[in-house]
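First comes the structure, then the notes that go with it.
Numbering (this note's numbering), first residue to last: 348 to 659.
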């Protein structure tokens, strides 16, 4: 007796589907160019391998049994998967990567990022996308450790990291903001560091595996540390502390009155952001990475990623 793996070939699964579609062994045999006895023998071969009855033969019609219906459903799925794999292999052979992993800094706008994802999928590429989020040096760490192919929003110096190409994304300007019911919302401006020291700051921890530092925290200050920019905004909206946010991220919150922007004595904090990608010797980037790099070369795309934050 043959094993189920030997019996359940793509041809045999397709043959069973023809029998179910035509409703009889005789009609299926004519459609497949086989004599009925040969078709019956092949079905018996599959049934013996599975030790089940696939078709009810008590009438002239070939009615699938419950087991037969289950096999037809799974067989259709397997045949579709085979076609998908073949399609993917053919496309990968033309230069598309099997997977592209992109890490983006949490300070960037999510709407424009997913606009790019949507446009990429419109090409029907064989490349699977994997999106990750990083904070500060953690964004570069994911790229330099080989866990990502493209990093968007790198805000630390990466010019001396071997195997990495770098292009400027733009500048992020951070402003202090608080909830309207926070004590700092009522104090005269500009607010000094001595005054800020008396209040809790909400900070996002660096996502690097070996770095738990935050930016904008004064020595000896009480800190609420969170692990994402979204959590930071939520904490600030509740009045759990003040924080520094990129201007683009602040715009809608400030316009609606959910957050109040306050000027400070200290100079405005700015970060020069870049996008970076890994290189493999002299090999050119795959087609998926080339597509993303071409989109990021447009000033409007870069500006949207830095500025076009929308509150859901």
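Ideal Cβ placement from N, Cα and C applies to all residues, glycine included.
Which whole-angstrom value describes the C-beta separation of residue i and residue j, a residue pair presumed to lie in contact below a C-beta threshold of 8 Å?
i: residue 409; j: residue 380; result: Between residue 380 and residue 409 the Cβ distance is about 18 Å, and since that is not below 8 Å, they are no contact.
i: residue 564; j: residue 570; result: 6 Å
i: residue 447; j: residue 635; result: 4 Å
i: residue 449; j: residue 470; result: Not really, about 16 Å apart at Cβ, beyond 8 Å.
i: residue 374; j: residue 386; result: Not a contact, Cβ separation roughly 10 Å.
i: residue 419; j: residue 367; result: 6 Å
i: residue 518; j: residue 474; result: Incorrect: roughly 31 Å between the Cβ atoms, too far for contact.
Taking the beta strand (DSSP E) that residue i falls in, what are its first and last residues?
i: residue 512; result: 511–525
i: residue 446; result: 446–452
Residues bridged to residue i by DSSP?
i: residue 590; result: 524
i: residue 624; result: 497, 512
i: residue 571; result: 549
i: residue 538; result: 611
i: residue 426; result: Answer is none; residue 426 lacks a bridge partner.
Going by DSSP in three states, residue i sits in which element: helix, strand or coil?
i: residue 358; result: helix
i: residue 404; result: coil
i: residue 606; result: coil
i: residue 373; result: helix
i: residue 480; result: strand
i: residue 613; result: coil
i: residue 566; result: coil
i: residue 559; result: Confidence in residue 559 is poor, its pLDDT being 47 and thus under 50, which makes the residue's placement unreliable; the coordinate value appears in the next sentence. Note: residue 559 maps to coil in three-state DSSP.
i: residue 472; result: coil
i: residue 410; result: strand
i: residue 629; result: Unreliable positioning characterises residue 629 in this predicted model, as indicated by a pLDDT of 49, which lies under 50. A coordinate reading is not provided.
i: residue 416; result: helix
i: residue 455; result: coil
i: residue 618; result: strand
i: residue 529; result: coil
i: residue 485; result: helix
i: residue 314; result: Residue coverage of the chain in this structure runs from 348 to 659, which leaves residue 314 outside it and unanswerable.
i: residue 491; result: helix
i: residue 378; result: helix
i: residue 431; result: helix
i: residue 315; result: Nothing can be reported for residue 315, as the shown portion of the chain is limited to 348 through 659.
i: residue 503; result: coil
i: residue 367; result: helix
i: residue 466; result: helix
i: residue 543; result: helix
Give the range of the alpha helix (DSSP H) segment to which residue i is assigned.
i: residue 393; result: 383–397
i: residue 577; result: 576–584
i: residue 647; result: 646–654
i: residue 635; result: 634–643
Any chance the CB of residue i is under 6 Å from a heavy atom of the ligand GDP?
i: residue 351; result: Of ligands this structure carries none, so the ligand GDP is not represented either.
Is it a yes or a no for the region 644–656 touching the region 440–460, going by three-plus beta-carbon pairs under 8 Å? yes
Should the region 389–405 be regarded as contacting the region 421–433, the criterion being three or more beta carbon pairs within less than 8 Å? no
So, does the region 512–520 touch the region 462–471, judging by three or more C-beta pairs under 8 Å? no
Inspect the CB distances between the region 582–595 and the region 605–624 and report whether three or more fall short of 8 Å. yes
How do the region 442–456 and the region 481–490 stand: do at least 3 beta-carbon pairs fall below 8 Å, yes or no? Contact check between the region 442–456 and the region 481–490: three or more CB pairs, one atom from each, fall below 8 Å, which counts as touching.
At least 3 beta-carbon pairs within less than 8 Å: the region 485–497 vs the region 574–586: When Cβ pairs closer than 8 Å are counted between the two stretches, the region 485–497 is seen not to touch the region 574–586, the count staying below three.
Whether or not the region 493–503 and the region 601–609 are in contact is what I'm after, with contact meaning three or more pairs of Cβ atoms, one per stretch, closer than 8 Å; do they touch? With a cut-off of 8 Å, the region 493–503 and the region 601–609 do not count as touching, because too few Cβ pairs lie within range.
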